[in-house]
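Below: one structure, written as structure tokens.
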Amino acid sequence: MVDWSKYDKFGNNTNLGIYLDTLQYRDNGDGYFQWVQVIKVLDTTAPKIFCPNDVTILNNEPNCGPTYANLDDVVVIDCSPKIKATISVDLYNDGSINVVKQDLNASGEYPNGVHRIHYKVEDGCNNFTTCSFLLTVVDGKKPQASCRNINIDLMAMNGGGMAQITAAMINLASTDNCTPAHKLLLSVTPEVFTCDELGPNEVQLTVTDEAGNFDVCFAIVNVQDNMNVCPGNLNGTIQGFVKDATLEAVEDVEVTIDPVNGLKMMTGNNGFFQFANLNAGQGYLVQPMKDDNPLNGVSTYDILLIQKHLLGIKALSSPYRIIAADVNRSENISVADIIDLRKSLLNASPFANNTSWRFIPSDYVFTNPFNPLKEAWPEYIEIKSLPETGWQSNFTGIKVGDVSGDATPHSLLGAETRNMMGEVIFETEDQELQAGDYIEMPVRASDLDGVEGFQFTLAFDPATLRFAGVKPGQLAGIGEDNFGTRHVDQGYLNVSWNGNPESAGQEVLFTIAFHVQDGGRLSEKVSLHSQMLRAEAYDKEGELMQTVLRFAGESGTWISSEGLQLYQNRPNPFREETIIGFELPQAGRATMTFTDVSGRVLRILEGDFQKGYNEFRIQRQDIQTAGLVWYRLTADGMSATRRMMIME
3 MVDWSKYDKF GNNTNLGIYL DTLQYRDNGD GYFQWVQVIK VLDTTAPKIF CPNDVTILNN
63 EPNCGPTYAN LDDVVVIDCS PKIKATISVD LYNDGSINVV KQDLNASGEY PNGVHRIHYK
123 VEDGCNNFTT CSFLLTVVDG KKPQASCRNI NIDLMAMNGG GMAQITAAMI NLASTDNCTP
183 AHKLLLSVTP EVFTCDELGP NEVQLTVTDE AGNFDVCFAI VNVQDNMNVC PGNLNGTIQG
243 FVKDATLEAV EDVEVTIDPV NGLKMMTGNN GFFQFANLNA GQGYLVQPMK DDNPLNGVST
303 YDILLIQKHL LGIKALSSPY RIIAADVNRS ENISVADIID LRKSLLNASP FANNTSWRFI
363 PSDYVFTNPF NPLKEAWPEY IEIKSLPETG WQSNFTGIKV GDVSGDATPH SLLGAETRNM
423 MGEVIFETED QELQAGDYIE MPVRASDLDG VEGFQFTLAF DPATLRFAGV KPGQLAGIGE
483 DNFGTRHVDQ GYLNVSWNGN PESAGQEVLF TIAFHVQDGG RLSEKVSLHS QMLRAEAYDK
543 EGELMQTVLR FAGESGTWIS SEGLQLYQNR PNPFREETII GFELPQAGRA TMTFTDVSGR
603 VLRILEGDFQ KGYNEFRIQR QDIQTAGLVW YRLTADGMSA TRRMMIME
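Going by this note's numbering, the first residue of the sequence shown is number 3, and it counts up by one from there.
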């Protein structure tokens, strides 16, 4: 401080030399006073840290190797912006540190077991806090139970018969990703049979791994009395196979026998059925029935073949294919069958007046194989009097609508491998999208010469585009009946056409209109794929061709819509089963990972898939949770994620 009434800058200012701790005083009466004080502020409070709670995650890796744990960040509160966090991982919680890293998040690959994760958080003043939590990784992948059907004979006991089975007798080749086969726990129920259970009986095999995960399968135990230990047993048997015209077994056929009330059985992947211990001398009627997956093997190519048959260009080659063409079950083939078949194809709906399969005794001989619909051929086998030696009754299955023979009659055949001979390129102009606009998307083809039909699903983002209608163009025979609009609210428009294009130039084939809900580019919101209809075309020789959609960009460039595509599961939400479709730009391996909202892995599915459209069929028990679930597809370095809802 300065006293200006006394201050003399030329005066003899001397320091009094008085020191008190860190304070220095100077005052000799010359009007000048000086006091220096040093203040040090010290942080001695350690950061506050909030560790995650102990967490358990499921390991669904197919080889039981380490799985990725998606963990939350630790929460740190401190006045200093300089925070140093060190993570030390004690794998298997055995007291030894295996991994050390500088981070606030311990997410990463962890093997099965209990692991302790330590955190040390330091501020800039050397204060630190520690915490730890346990991460438990358990095998979450259930075993794959595999059963086989068996026959057993009753042994004489207490005036009747009895037989006992073991789980090993039913087990075919059950496996698990972590537990060796010899350590799997097997149980079967029921396991004891008497004369009251003569004939086919369904049993359940339960396979449990060391982590407590389990899977079940079902088998048929056919109880026989070949030693005649049961009172009044005449040991009559009716058995046979259900196969298609190519002698491939047809599975999941329900075979019933009258007049035995309630006695029925389902064929397995070998197509076999058997009813044992029936009364010899009695009459029986055996009838198969199957009405599921109506579009199995059905495509626009079948419509094309039916049309050629009607026009006399190329007749269907067998009585079975003629019966398959009678889609509406009117006992003749007409344009109405084409209309009904296309309607089911475009809307993924059952046939209006027919079952998906029909059956005929394999030994039946048609009076006129070129016109089988004009005779009353049987769809059952009637046995007037069952011989004591039994009866063999075989059936031929006919997939309605599949006149080309593409249906998959049993699961062991797997997905069909189809070779594409050339391609048909559909073209349209790319556009900038603005919310509130109404746009039209004219579709052309660079070359339709020789093309007699095509089908595909046009997918669009329903959050950006709302379907506003379709206008026929210059393509001969195109109309509203060639478009399936049942699923447009989900972003899917099905297209099916067959005929003879009058021009192969650049005329507009058809135009699709949209109301725009959000911004973007058309090429990013629309694609051509096989979500509901397999994307394919057919030339005059019946060869399959690939279909491609491309957009005309600026400066004459072309933008293809091909790439990795992950589609919304259907149905969504679901309770029992759903299907997730996806499209691969090339054949290869793909992985589907399911996680809950906390990031916990629920299940991982993977496999080798063909180029183009593929799908996973998901059962409720595969996920074992309810509510919101995320699913992520990874293939060839690319990935895509969607979410679905599982209902209680």
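All residues carry an ideal CB built from backbone N, CA and C; glycine is no exception.
Shown here for A278: same chain residues with a beta carbon closer than 6 Å to its own, the five before and five after excluded, namely G201, N224, Q226 and T239 in chain order. Judged by pairs of C-beta atoms under 8 Å, the region 539 to 551 does not touch the region 588 to 607, as fewer than three such pairs exist.
Within its own chain, the residues whose Cβ lies closer than 7 Å to the Cβ of N153, once the five positions on either side in sequence are excluded, are N224 and Q226, listed in chain order. Excluding residues up to 5 positions away in sequence, N179 lie with their Cβ nearer than 8 Å to the Cβ of N65 in the same chain. Here the alpha carbon of A350 sits roughly 9 Å from the alpha carbon of H489. 8 Å or more divides the Cβ of Y615 from the Cβ of G455. In the three-state reduction of the DSSP assignment, Q492 falls in the helix class, which pools H, G and I. Nearest to R344 by alpha-carbon distance, out of G126, V497, S148 and T69, is V497.
Distance between I308 and I340, taken at the CA atoms: about 7 Å.
Annotated as distal: S364 and P296, with beta-carbon spacing of 8 Å or more. As a beta-bridge residue in DSSP terms, P202 pairs with N224. According to DSSP, P290 shares a beta bridge with V257. Remark: C-beta atoms of V91 and I59 do not approach each other more closely than 8 Å. For M171, there is no enclosing beta strand (DSSP E); the residue is found in the alpha helix (DSSP H) stretching over A169 to I172.
Secondary structure in the region 448 to 485: the beta strand (DSSP E) runs of 3 residues or longer, each lying completely within the stretch, are 453 to 462 and 467 to 474 in chain order. For the 8 Å CB-CB criterion, V76 and I99 do not form a contact.
One thing to note: A327 has its Cβ within 8 Å of the Cβ of V405.
Counted as a single uninterrupted DSSP element, the stretch harbouring P352 is not any beta strand (DSSP E), since DSSP gives it neither H nor E. The region 478 to 493 makes contact with the region 460 to 467, as at least three CB pairs between them are under 8 Å. Scanning its chain for C-beta atoms nearer than 6 Å, with the 5 sequence neighbours on each side dropped, one finds around E381 the residues F361, in chain order. If you look at R622, you'll find it in the alpha helix (DSSP H) that goes R622 to I625. When DSSP states are grouped into helix, strand and coil, I99 belongs to the coil group.
For N281, the closest alpha carbon among the candidates E390, K527, A478 and I514 is that of E390. Distance from F512 to V550 at the Cβ level is roughly 17 Å; contact not present, criterion being Cβ atoms closer than 8 Å. For R323, the enclosing alpha helix (DSSP H) begins and ends at P321 to A327.
Taking C-beta atoms as the reference points, P290 and F397 count as a pair closer than 8 Å.
Check the Cα spacing between D260 and each of K245, K310, L388 and N272: the tightest is with L388. One thing to note: I167 has its Cβ no nearer than 8 Å to the Cβ of E199. Contact check between the region 141 to 150 and the region 120 to 131: fewer than three CB pairs, one atom from each, fall below 8 Å, which does not count as touching.
In the structure shown, Q241 falls within a strand segment according to DSSP collapsed to helix, strand and coil. Within the same chain, and ignoring the five residues on either side of R323 in sequence, the residues whose Cβ sits closer than 6 Å to its Cβ are V405.
Short of 8 Å from the beta carbon of T369, and not among the five residues preceding or following it, lie these beta carbons of its own chain, in chain order: E377. Classified as buried, H531 has 16 or more neighbouring CB atoms from the shown chains inside 10 Å of its CB.
When secondary structure is reduced to three states using DSSP, H412 falls in the coil class, being assigned neither helix nor strand. Here S395 is near G242, since their CB atoms are less than 8 Å apart. C-alpha of N271 to C-alpha of V518: approximately 49 Å in a straight line.
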